[in-house]
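Here's the structure we're looking at; comments come further down.
Protein chains: 2
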Amino acid sequence: MAKDPRQTNSKAEEQAPESPLSSPLDSMLGYRLRRASMAMMGDVIDSLRAIDLSVGEASLLILVGHNPGCRQSDVGRALAIKRANLTPLIGRLKGRRLISDAPIDGRSLSLTLTEEGEALQKEAMKRVRASNRKFQKRLTMEEKALLAALEALS
Amino acid sequence: MAKDPRQTNSKAEEQAPESPLSSPLDSMLGYRLRRASMAMMGDVIDSLRAIDLSVGEASLLILVGHNPGCRQSDVGRALAIKRANLTPLIGRLKGRRLISDAPIDGRSLSLTLTEEGEALQKEAMKRVRASNRKFQKRLTMEEKALLAALEALS
DNA sequence: TATTGTTATACTCTATAACTATA
DNA sequence: TATAGTTATAGAGTATAACAATA
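In the order they appear, the protein sequences are chains A and B.
My numbering applies: residue 80 is where the first sequence begins, and numbers increase by one.
My numbering applies: residue 80 is where the second sequence begins, and numbers increase by one.
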């Protein structure tokens with residue numbers, strides 16, 4: 080999960096270190112998907128740590144940044160985060176003055192980024208894009224084809 | 080995460096319910112990968128619940144089933160599970176008489192499935208394959224091309 | 001001195017249930 | 001009666017540190 084097998088091998092074609100174990104999982108779609116996802120998640124987590132944001136916090140910041148005044152409940156649905164878990168997540172961002180809320184009616188809240196939140200959102204987006212680019216460069220196939228395939232799965 | 084949009088729409092082509100929020104994340108590789116992975120994981124978790132196995136337990140069972148007598152430490156590395164977390168995982172499977180261990184030398188253990196473990200491993204493999212097939216049918220692109228792309232990412 | 005396995009522990013994510021208030 | 005937000009709590013999964021025993 081953290082190794083990078085891109086070193087030059089002195090004894091030409093030593094066939095890679097490789098696991099001593101054979102695994103039928105390695106050729107299965109769901110397993111490969113999970114490993115690829117974990118690899119990319121690990122990288123983006125690292126790159127967001129420098130600005131003290133979790134992936135959930137960054138996602139929320141980005142979504143609200145692109146939809147000022149949106150409903151909290153819609154954010155939860157869009158990110159597949161349960162409302163019980165959304166409250167403390169938003170609470171932390173409000174505590175850092177990155178986000179502000181206002182009542183829409185007696186029960187719904189609208190969310191908007193503060194100026195500081197907007198600045199951090201842009202920085203987060205920049206880092207997420209940079210991380211994505213790093214991995215996209217490894218692809219030989221067209222990115223669009225891959226994205227379409229992934230959308231069909233979720 | 081749990082919805083299944085496979086219902087027939089009465090008013091033809093109502094363009095889908097869709098989120099009221101626009102999200103730049105939706106077209107990003109890492110995000111699509113995570114959503115696709117979560118969708119497949121959710122399905123396989125459901126299908127393994129009936130035989131009382133978590134994904135981690137099933138993975139371990141399958142790996143040991145295909146590599147009888149393998150080292151515990153190698154299993155951990157192959158599945159990217161830390162040794163501190165492997166101990167209780169194996170402990171549960173030993174408690175259910177699905178797996179047995181034997182010392183290789185004074186510090187390493189070899190793992191092997193019991194007869195009962197072998198039977199459950201086959202059932203688990205069957206369920207994992209069935210879940211995978213379900214999703215593979217949604218693909219228009221060649222599965223091999225997708226698997227190759229995913230391997231390049233992890 | 002590095003590796004193996006274990007224990008204890010903590011942190012993050014996610015899940016459920018109960019509650020209030022509102023549409 | 002269904003929805004929105006909150007609180008409290010529990011459960012996975014994963015992470016680190018320390019330890020004993022062994023190679």
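C-beta: ideal position from N, C-alpha, C; glycine also.
The model shown is predicted, which means the values in this text are computed figures rather than measured ones.
Problem set entry | residue 153(B): first and last residue of the uninterrupted alpha helix (DSSP H) it sits in | 151-158
For this session: Enumerate, from N- to C-terminal direction, the unbroken alpha helix (DSSP H) stretches of 4 or more residues contained entirely within the segment 120-182 of chain A.
Result: 134-145, 151-158 and 162-174
Problem set entry | residue 169(A) versus residue 156(A): straight-line alpha-carbon distance, rounded | 14 Å
Problem set entry | Nearest-angstrom Cα separation, counted from residue 228(A) out to residue 119(B) | 13 Å
Exercise. For residue 215(A), which option in 225(B), 207(B), 232(B) and 208(B) has the closest C-alpha, if you only look at C-alpha atoms?
Worked result: Its Cα nearest to that of residue 215(A), the residue 232(B) stands out among 225(B), 207(B), 232(B) and 208(B).
Exercise. Should residue 206(A) be labelled buried (16 or more other beta-carbon atoms within 10 Å of its own) or exposed?
Worked result: Residue 206(A) comes out buried.
Problem set entry | Exposure of residue 130(A), with buried meaning 16 or more beta-carbon neighbours within 10 Å | exposed
Problem set entry | Minimum Cβ-Cβ distance from residue 141(A) to chain B less than 9 Å | yes
Problem set entry | Contact set between residue 146(B) and chain A, taken where Cβ atoms lie within less than 9 Å | Per Cβ cutoff of 9 Å: 99, 100, 101 and 102.
Exercise. Between residue 82(B) and residue 210(B), what straight-line distance do the alpha-carbon atoms span, to the nearest angstrom?
Worked result: Residue placement at residue 82(B) cannot be trusted, given a pLDDT of 33 that sits under 50; the coordinates are not used to answer.
For this session: Check whether the Cβ of residue 233(B) lies closer than 9 Å to any Cβ atom in chain A.
Result: yes
Problem set entry | Close beta carbons around residue 88(A), own chain, < 6 Å, minus the five adjacent residues each side | Model confidence at residue 88(A) stands at a pLDDT of 31, short of 50, so the residue's coordinates are unreliable; what they give is reported in the following sentence. Result list for residue 88(A): empty, nothing under 6 Å.
Exercise. Secondary structure at residue 187(A), three-state DSSP: helix, strand or coil?
Worked result: coil
Exercise. Going by Cα to Cα distance, which pick from 176(B), 175(B) and 151(B) is closest to residue 234(B)?
Worked result: Look at the range of chain B in this structure, 80 to 233, and you will see that residue 234(B) is not part of it.
Exercise. For residue 210(A), which residues in chain B fall below 9 Å Cβ to Cβ?
Worked result: 109
Exercise. Taking Cβ to Cβ, would you say residue 107(A) is nearer than 9 Å to residue 224(B)?
Worked result: no
Exercise. Got a sec, what are the start and stop residues for the alpha helix (DSSP H) residue 100(B) sits in?
Worked result: Neither: residue 100(B) is in no alpha helix (DSSP H) and is coded neither H nor E.
For this session: Kindly list, in the order they appear in chain B, the residues whose Cβ is closer than 7 Å to that of residue 215(A).
Result: 108
Exercise. Is the Cβ-Cβ distance between residue 192(A) and residue 140(A) less than 9 Å?
Worked result: yes
Exercise. Rounded to a whole number of angstroms, what is the C-alpha to C-alpha distance between residue 102(A) and residue 145(B)?
Worked result: 7 Å
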